[in-house]
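If you read the protein sequences in the order shown, they are chains A and B. So in numbering that gives the first Met the number 0, spot 67 of the first sequence is number 66, and the numbers just go up one at a time. So in numbering that gives the first Met the number 0, spot 24 of the second sequence is number 23, and the numbers just go up one at a time. Have a look at the structure below, then the notes.
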Amino acid sequence: MAEIKVDVVGQACPVPLVETRKALKKAAAGDIIVISGTDPASRKEIPMAADALSVKVLGDEQAGGVWTIRLRK
Amino acid sequence: MADKATIVFHSGDMDKLYSALIIANGALSMGMEASLYLTFWGLERLKKNGLYKGRLSKMNMLGIGKMMINRRIRKNNVASLQRLLSDYKELGGKIIACEMTMDLMGIKSQDLKRDVIDEYGAVGTYIREARESKINLFI
């Protein structure tokens with residue numbers, strides 16, 4: 000099981016969502032995808048996308064201005 | 000079969016192309032399929048070097064408004080149209096060019112970025128896509 004990092008700090012909508020989707024497409028079942036970003040709308044919407052794609056959200060944290068969302072494919 | 004979003008891009012306006020590509024990328028990102036059907040002025044954006052040539056739908060002011068928006072796009076780190084288009088293709092989005100309007104507007108297939116076009120079609124192709132889509136937009 001690999002851990003795939005997606006850095007979208009400073010990127011606005013829709014890039015965080017798109018980059019998350021790209022990473023999920025490349026990932027194998029069971030891989031962990033760790034997305035860090037700063038766009039507030041994307042923080043709400045990445046879990047929505049995960050839900051639509053039946054991907055599990057393992058965590059969602061904020062440290063300073065940066066949020067980190069962990070998904071498992 | 001996955002849910003689908005079909006967007007007719009008719010206006011050719013720069014800001015509306017942003018809307019169309021962002022919605023289309025959003026649909027793909029959330030697990031839907033997407034089709035972008037280009038017709039009338041929308042086709043102009045698919046000409047070689049045509050992607051950025053659209054005007055603003057409001058407050059274009061002979062290009063001054065567009066210049067100001069472009070500056071804000073860079074400042075706010077909003078993705079470029081080129082990036083949105085290549086993301087759209089990478090995520091499997093489909094582009095259909097309307098043959099009837101190509102003839103009408105004197106646009107030849109070699110004038111267009113053929114590498115991004117999946118299909119040439121007319122209204123029947125659009126209806127085929129639209130009837131199986133949960134999201135249908137005309138932009």
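Glycine included, C-beta positions come from ideal geometry on N, C-alpha and C.
- Counting along the chain, the unbroken beta strand (DSSP E) around Y119(B) starts and ends at E118 to G120.
- Here E18(A) is near V5(A), since their CB atoms are less than 8 Å apart.
- According to the DSSP secondary-structure assignment, Q61(A) is paired through a beta bridge with W66(A).
- The alpha-carbon separation between M31(B) and L16(B) amounts to approximately 19 Å.
- Within chain B, L27, S28 and L90 have C-beta atoms less than 7 Å from the C-beta of R20(A), given in sequence order.
- In the displayed model, R54(B) falls within coil according to three-state DSSP, outside both helix and strand.
- Taking all protein chains shown into account, N24(B) has 16 or more neighbouring C-beta atoms within 10 Å of its C-beta and is therefore buried.
- Closer than 8 Å to the CB of A11(A) there is at least one CB belonging to chain B.
- Taking a C-beta cut-off of 7 Å against chain B, the contacting residues of the segment 51 to 68 of chain A are A51 and L52, listed in chain order.
- Put simply, the backbone Cα of T67(A) is about 15 Å away from that of A48(A).
- The residue from D59(A), V54(A), M0(A) and Q10(A) with its alpha-carbon nearest to that of L23(A) is V54(A).
- Put simply, the segment 119 to 137 of chain B does not touch the segment 70 to 77 of chain B. Fewer than three CB pairs are less than 8 Å apart.
- Listed along chain A are A11, each with a C-beta nearer than 7 Å to that of N75(B).
- For E89(B), the enclosing alpha helix (DSSP H) stretches over residues L80 to E89.
- With respect to the C-alpha of G49(B), the residue from G41(B), E89(B) and S56(B) having the closest C-alpha is G41(B).
- Taking a contact to require three or more Cβ pairs closer than 8 Å, the segment 105 to 120 of chain B and the segment 86 to 94 of chain B qualify as touching.
- For A33(B), the enclosing beta strand (DSSP E) has its first and last residue at E32 to L37.
- Below the 8 Å Cβ cutoff, chain B contributes S28, M29 and G30 as neighbours of A48(A), in chain order.
- In terms of Cβ geometry, L27(B) and A33(B) form a close pair [threshold 8 Å].
- Around P15(A), the same chain offers V7, G36, D38 and S41 as residues with beta carbons nearer than 6 Å, after the five sequence neighbours per side are excluded.
- Setting aside the 5 residues that flank it on each side, Y36(B) is surrounded in the same chain by V7, I95 and Y125, each with a C-beta closer than 6 Å to its C-beta; the list follows chain order.
- The alpha carbon of K88(B) has as its nearest neighbour, out of K21(A), M0(A) and C12(A), the alpha carbon of K21(A).
- From the beta-carbon of D14(B), no residue of chain A is found nearer than 7 Å; the closest lies around 15 Å away.
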